[in-house]
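Letter by letter, the sequence shown follows residues 2 to 202 of the numbering used here. All residues carry an ideal CB built from backbone N, CA and C; glycine is no exception. Since the structure is predicted, the reported quantities are computational estimates derived from the model, not experimental observations. To keep things clear, I will list the structure first and then write my remarks on it.
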Amino acid sequence: MTTKNTVDADALREQVRIKYGEVAQSPGNEFHFHTGRPLALKLGYSEADLSGLSEQAIESFAGVGNPFSLRSPSPGEKIVDAGSGAGFDCFIAANTVGNDGWVIGVDMTDDMLVKAKSSASQMQLGNVEFRKGLLEKLPVEDEWADTVISNGVINLCADKSQVLAEIYRVTKPGGYLQFADIANAKPVPQAALDDIDLWTA
């Protein structure tokens, strides 16, 4: 069976903005996915990882795994978080790479960016910044990153080939891609691919 992705990318982005805007503004609400500190601990982040973070920096976390379980970044590294949300993984990376490193979080959701910037200021992290943008067109220069991380966001993009091409573009030769995401090993029916609500379910 051959299937073709026909979902409207702009409509999908709007659905994602609405849903994750709510996660940023009202993290205590009930969602169909887990969030916050309990989720982080369940996914293998340690209490030590969380100890230096404010509760505001943790409460809107909605990842699907722990990209740092693959490898811990080294001091001085430059990191890009593709789909950084409220900044949780950026803050962990910033503490790991230290003052000689730098972290850029990229997200398209205004509410998440506002929260991420507020948390970074609150924690006085001077080695992390947040930029508005799409994963299909990362606002990062060529070959800037030693490591690109992503946590549960590539699956929300309609054009995954373009996302991976952008990640390749911004990563230095010999650099790393460390991501956690949702994957399906079985063919997806065309009707499901066309149902925008299932993309964010």
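Query                                                                                                           : Result
Same chain, Cβ closer than 8 Å to K187, five either side skipped, listed in chain order                         : none
The alpha helix (DSSP H) enclosing Y169, as first and last residue numbers                                      : K161 to V171
Reference V108, options M124, A121, S119 and P140, closest by Cα                                                : Residue identity differs from the one stated: residue 108 is Asp in this sequence, not Val. Of M124, A121, S119 and P140, the residue nearest in Cα terms is P140.
Inter-residue spacing [alpha-carbon to alpha-carbon] between A41 and Y21                                        : 17 Å
F131 vs L114 beta-carbon contact at 8 Å                                                                         : yes
Minimum C-alpha distance to S27 - residue among G175, G134, A87 and K133                                        : A87
Where the beta strand (DSSP E) containing D143 begins and where it ends                                         : Where D143 is concerned, there is no enclosing beta strand (DSSP E), given that its DSSP letter is neither H nor E.
Nearest-angstrom Cα separation, counted from A159 out to V8                                                     : 7 Å
Close-in-space but distant-in-sequence residues of the same chain around D50 (CB under 6 Å, 5 per side omitted) : I93
Where P174 falls: helix, strand or coil (DSSP)                                                                  : strand
Pick from N100, A121 and L13 that is closest to E56, judged by C-alpha positions                                : A121
Whole-Å CB distance - F89 paired with F62, under 8 Å assumed                                                    : 4 Å
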